[in-house]
Amino acid sequence: MTDFAVWAPHRDQVRVLVDGAAHPMSSDGAGWWHATVEDAGPGTAYAFLLDDDETPLPDPRSRWQPTGVHGASRVYDDSGFFWTDQSWTGRQLPGSVLYELHIGTFTPDGTFDAAIERLDHLVALGIDMVEVLPVNAVDGPRNWGYDGVGWYAVTENYGGPDAFKRFVDACHARGLGVVLDVVYNHLGPSGAYLDRFGPYFAGSNIWGPSVNLDGPHSEQVRRFVIDNALMWLRDFHVDGLRLDAVHALRDTRASHVLEQLSVEVEALSTHVGRPLSLIAESDLNDPRMITAREAGGYGLHGQWTDDIHHTLHTALTGEAQGYYADFAAAGLTGLAHVFTRAFLHEGTWSSFRQRNHGAAVDTRRIPGHRFLAYLQNHDQIGNRATGDRLTETLSPGLLACGAALVFGSPFTPMLFMGEEWGARTPWQFFSYFPDPALRDAVREGRTAEFADHGWGEDVAVPDPNAESTFLDSKLDWDEAASEPHATLLKVHRELIALRKAWPELSDPWLDEVEVDVDEAVRTVVLHRGRLRVACNLGGDAVTIALGTPVARILLASEPVEGEADALSLPPESFAIVQLS
Numbered sequence: 005m006t007d008f009a010v011w012a013p014h015r016d017q018v019r020v021l022v023d024g025a026a027h028p029m030s031s032d033g034a035g036w037w038h039a040t041v042e043d044a045g046p047g048t049a050y051a052f053l054l055d056d057d058e059t060p061l062p063d064p065r066s067r068w069q070p071t072g073v074h075g076a077s078r079v080y081d082d083s084g085f086f087w088t089d090q091s092w093t094g095r096q097l098p099g100s101v102l103y104e105l106h107i108g109t110f111t112p113d114g115t116f117d118a119a120i121e122r123l124d125h126l127v128a129l130g131i132d133m134v135e136v137l138p139v140n141a142v143d144g145p146r147n148w149g150y151d152g153v154g155w156y157a158v159t160e161n162y163g164g165p166d167a168f169k170r171f172v173d174a175c176h177a178r179g180l181g182v183v184l185d186v187v188y189n190h191l192g193p194s195g196a197y198l199d200r201f202g203p204y205f206a207g208s209n210i211w212g213p214s215v216n217l218d219g220p221h222s223e224q225v226r227r228f229v230i231d232n233a234l235m236w237l238r239d240f241h242v243d244g245l246r247l248d249a250v251h252a253l254r255d256t257r258a259s260h261v262l263e264q265l266s267v268e269v270e271a272l273s274t275h276v277g278r279p280l281s282l283i284a285e286s287d288l289n290d291p292r293m294i295t296a297r298e299a300g301g302y303g304l305h306g307q308w309t310d311d312i313h314h315t316l317h318t319a320l321t322g323e324a325q326g327y328y329a330d331f332a333a334a335g336l337t338g339l340a341h342v343f344t345r346a347f348l349h350e351g352t353w354s355s356f357r358q359r360n361h362g363a364a365v366d367t368r369r370i371p372g373h374r375f376l377a378y379l380q381n382h383d384q385i386g387n388r389a390t391g392d393r394l395t396e397t398l399s400p401g402l403l404a405c406g407a408a409l410v411f412g413s414p415f416t417p418m419l420f421m422g423e424e425w426g427a428r429t430p431w432q433f434f435s436y437f438p439d440p441a442l443r444d445a446v447r448e449g450r451t452a453e454f455a456d457h458g459w460g461e462d463v464a465v466p467d468p469n470a471e472s473t474f475l476d477s478k479l480d481w482d483e484a485a486s487e488p489h490a491t492l493l494k495v496h497r498e499l500i501a502l503r504k505a506w507p508e509l510s511d512p513w514l515d516e517v518e519v520d521v522d523e524a525v526r527t528v529v530l531h532r533g534r535l536r537v538a539c540n541l542g543g544d545a546v547t548i549a550l551g552t553p554v555a556r557i558l559l560a561s562e563p564v565e566g567e568a569d570a571l572s573l574p575p576e577s578f579a580i581v582q583l584s
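Each residue of the sequence shown is one higher than the last, beginning at 5 in the working numbering.
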């Protein structure tokens with residue numbers, strides 16, 4: 005016996021089609037329709053019929069879509085999976101090191117089970133939390149994950165719901181937390197049937213139809229979003245959610261959906277007895293995102309911080325096109341500002357936006373661990389015309405310097421898969437929709453977007469629909485054993501170990517950080533208590549006066565000399581030292 009329910013407030017009749025037989029559903033007067041069907045156990049195929057339309061539609065809250073997003077839903081029983089993580093107490097975001105990966109390109113097979121076989125590598129690296137790109141059901145065999153339409157179902161491309169649970173269980177067995185990337189700001193362009201059931205949509209944004217969070221009949225739409233978030237945390241034992249592009253969530257209510265989500269996740273965390281983290285991707289530079297609710301904020305635990313990425317990227321590469329322009333103009337002085345303030349744009353002019361942007365962070369009250377710092381991520385690589393990593397631009401020495409600044413910072417550090425050994429495989433934009441017209445639209449749209457960001461017509465943009473674009477983006481794990489990759493991997497392991505061994509390096513208070521820069525010789529020195537993270541980004545050897553004698557060299561990417569209160573650094577190298 006299975007109870008079926010669906011929200012369809014404007015329909016006069018709803019039937020549930022179970023194994024080919026239609027069963028009438030009764031309305032509760034509040035927009036929900038219900039039916040109980042005998043002999044409809046786990047694995048039973050079902051769909052909904054709306055009014056007199058005989059087109060079967062999948063359940064908007066379907067937990068299992070084994071035949072794709074257009075096919076029948078299947079009854080799924082959460083209790084059928086045997087968990088082994090009963091002793092798991094979770095991982096908090098403060099103090100953690102994150103590792104972002106895409107299941108489809110992390111391994112040659114591109115499945116959850118194949119990813120499990122590589123988890124010991126992450127443990128040896130020193131990772132605390134694995135951040136997984138979206139895994140919900142999407143139309144087609146390959147995708148970044150941001151075109152999902154079956155929000156409650158795990159894509160069969162990676163193995164389906166039980167396989168995802170095996171992955172999470174295996175992570176917990178190794179002491180790794182799992183953060184799942186979820187997309188609530190739009191739905192993908194193929195297989196989104198929500199509008200046939202009710203007023204789920206309200207307008208659109210640059211990616212597709214946006215969700216009705218504040219209009220008429222929006223109460224159940226908000227529940228659709230929040231219940232989905234709670235499902236991943238509760239039923240799939242996920243430890244946190246990365247909320248994609250929250251700046252595209254249109255919500256004019258007095259209590260924003262992000263605050264409501266924060267409240268309900270806090271309640272669930274209290275119930276399950278482990279920390280549950282909410283991390284926003286936000287383009288707003290708005291400290292309210294990560295300000296505690298007691299202080300008038302939304303109460304999220306962290307946010308991706310592109311200002312940190314942009315200032316590091318321009319300092320290391322010299323690129324100045326598009327949104328990099330202001331960061332390049334600010335130079336190393338701007339880097340020093342960001343490493344003590346988190347944002348470059350804090351109510352100041354943004355030439356890219358042609359307006360003032362952002363607000364200042366109260367560094368006395370907001371700790372740095374609420375800002376995620378990274379040299380690379382899926383967006384900053386994949387949204388380049390050819391999907392090229394920094395490995396194609398920078399020397400191993402500068403890659404090591406960039407890593408030293410990230411792991412020596414007061415922020416929460418994150419790596420993108422393969423970055424730890426300087427992977428040379430690109431990570432390009434790829435997708436494949438069955439509809440040829442949609443494939444053409446994706447190809448043309450991406451080319452136009454790259455042109456807007458400064459890549460000219462002479463740049464050959466890989467076809468996002470081509471299987472080769474997807475296959476080229478898969479990691480080459482054999483690289484890690486060869487040079488210079490093996491040395492860079494060793495440097496990353498040692499940096500992470502050092503961060504965990506010395507509390508000065510994980511101290512999150514921004515008002516305790518000082519940064520010395522020299523634009524002429526291109527040096528950066530982070531003051532982290534009694535430690536100094538010194539980087540020479542220039543092409544000549546330099547001697548940096550530290551003001552206090554060097555007691556100990558904790559880690560260096562090249563042979564360095566510490567004499568009295570000075571440190572001699574070769575070109576494109578770093579050293580982390582303890583002062584007397």
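Backbone N, C-alpha and C define an ideal beta-carbon position, used for all residues, glycine too.
Compare the C-alpha of Val187 against each of Ala407, Val153, Gly551 and name the closest. Checked all of Ala407, Val153, Gly551; the closest Cα to Val187 is Val153.
C-beta contact flag for Thr416 and Asp480 at 7 Å: In this structure, Asp480 does not lie closer than 7 Å to Thr416 by Cβ.
Whole beta strand (DSSP E) elements within the segment 505–576, 3-residue minimum: The segment 505–576 contains these whole beta strand (DSSP E) runs: 518–522, 527–532, 535–540, 546–549, 554–560, 565–567, 570–573.
Taking only three categories from DSSP, how would you classify Phe1? Any answer about residue 1 is impossible in this case: the structure gives the chain only from 5 up to 584.
Those residues which DSSP pairs with His221 across a bridge: Looking at the DSSP assignment, His221 forms no beta bridge with any residue, so it has no partner.
For the segment 265–275 and the segment 335–349, state whether three or more C-beta atom pairs, one from each stretch, are separated by less than 8 Å. The segment 265–275, when compared against the segment 335–349, does not touch it at the 8 Å Cβ threshold.
Give me the residue from Ser435, Arg503, Leu137 with the minimum Cα distance to Thr621. Coverage of the chain is limited to positions 5 through 584, which leaves residue 621 absent and any answer about it impossible.
Proximity to Trp353 [Cα-Cα], best of Thr344, Ala364, Phe343: Among Thr344, Ala364, Phe343, the Cα nearest to that of Trp353 is on Ala364.
Start and end of the beta strand (DSSP E) containing Thr115? Element bounds for Thr115: n/a, residue is neither H nor E.
Residue range of the alpha helix (DSSP H) that includes Pro165: Here the alpha helix (DSSP H) through Pro165 covers 165–177.
Please go through the same chain and pick out, in chain order, the residues whose beta-carbon is closer than 6 Å to the beta-carbon of Pro28, but skip the five residues on each side of it. Only residues of its own chain outside the window of five on either side were considered, and among them Arg19 have a CB closer than 6 Å to the CB of Pro28, listed in chain order.
Report all residues from its chain with a CB closer than 6 Å to the CB of Pro60; omit the five preceding and five following residues, and keep chain order. Leu21, Ala51, listed in sequence order.
Using a Cβ-Cβ cutoff of less than 6 Å, which residues in the same chain neighbour Leu184 once the five nearest sequence positions on both sides are dropped? Taking Leu184 as the centre and dropping the five residues before and after it, the same chain places the C-beta of Val136, Trp236, Val242, Leu245 closer than 6 Å to its C-beta, in chain order.
Contiguous alpha helix (DSSP H) assignments of at least 4 residues, all confined to the segment 255–298: Qualifying alpha helix (DSSP H) stretches, in chain order: 261–276.
Cutoff 8 Å; reference Val229; Cβ partners in own chain excluding five residues on either side: Excluding positions up to five away in sequence, the list reads Tyr188, Val215, Leu217, Val261, Leu265.
When Leu402, Ser31, Gly212, Ala9 are compared against Asp16, the one with the closest alpha-carbon: Nearest of Leu402, Ser31, Gly212, Ala9 to Asp16, Cα basis: Ser31.
By how many angstroms is the C-alpha of His496 removed from the C-alpha of Ala404? Roughly 8 Å separates the two Cα atoms.
From Gln380, Asp482, Glu448, residue whose alpha carbon lies closest to that of Pro466: The shortest C-alpha separation from Pro466 is found at Glu448.
I'd like the list of long-range same chain contacts for Glu576, defined as Cβ closer than 6 Å, with 5 residues on each side in sequence excluded. Excluding sequence neighbours, Glu576 sits near Ser399, Gly401, Leu402.
Chain-order list of residues whose beta-carbon lies under 8 Å from that of Arg226 (same chain, five-residue window excluded): Hits under 8 Å: Leu217, Val261, Gln264.
Tell me which residue opens and which closes the alpha helix (DSSP H) that Asp124 is part of. Where Asp124 is concerned, the enclosing alpha helix (DSSP H) stretches over 123–129.
Presumed contact (8 Å Cβ cut-off) between Pro203 and His221, rounded CB distance: That pair is a contact at about 5 Å.
In the DSSP assignment, find the unbroken beta strand (DSSP E) run with Pro203 in it and report its ends. Element bounds for Pro203: n/a, residue is neither H nor E.
7 Å Cβ shell around Cys539 - same chain, five flanking residues per side excluded: Excluding sequence neighbours, Cys539 sits near Cys405, Ala408, Leu409, Thr527, Val528, Phe578.
Distance check for Gly24 and His382, CA to CA, integer angstroms please. If you take the alpha carbons of His382 and Gly24, they lie about 42 Å apart.
Rounded to the nearest angstrom, what separates Pro193 and Leu253 at their Cα positions? Each residue's CA atom was taken as its position, placing Pro193 and Leu253 some 18 Å apart.
Cβ pair Leu550, Asp569 closer than 7 Å: Contact flag set, yes.
Asp476 versus Met418, Gly386, Ser413, residue with shortest Cα-Cα distance: Per the Cα distances, Gly386.
Between Ala26, Asp113, Thr40, which lies nearest to Glu58 when the distance is taken from Cα to Cα? Closest option to Glu58, Cα to Cα, is Ala26.
Curious, which full-length alpha helix (DSSP H) runs of at least 4 residues does the segment 290–358 contain? Runs of the alpha helix (DSSP H) spanning 4 or more residues and lying entirely within the segment 290–358 occur at 310–321, 329–345, in chain order.
In whole angstroms, what is the alpha-carbon distance linking Ala119 and Trp431? In this structure, the straight-line span from the alpha carbon of Ala119 to that of Trp431 is close to 17 Å.
How about Thr395 and Gly426: do their beta carbons lie closer than 7 Å? A contact, by the Cβ cut-off of 7 Å.
For the segment 34–52 against the segment 132–147, do three or more pairs of beta-carbon atoms, one drawn from each stretch, fall closer than 8 Å, so that the two count as touching? The segment 34–52, when compared against the segment 132–147, does not touch it at the 8 Å Cβ threshold.
3-residue-minimum beta strand (DSSP E) runs that sit fully inside the segment 393–422, ordered along the chain: DSSP runs (the beta strand (DSSP E)) wholly in the segment 393–422: 416–420.
Given a threshold of 16 other Cβ atoms within 10 Å of its Cβ, counted over all protein chains shown, does Gln90 qualify as buried or as exposed? With fewer than 16 other Cβ atoms within 10 Å, it is exposed.
Between which two residues does the beta strand (DSSP E) holding Leu102 run? Element bounds for Leu102: 102–105.
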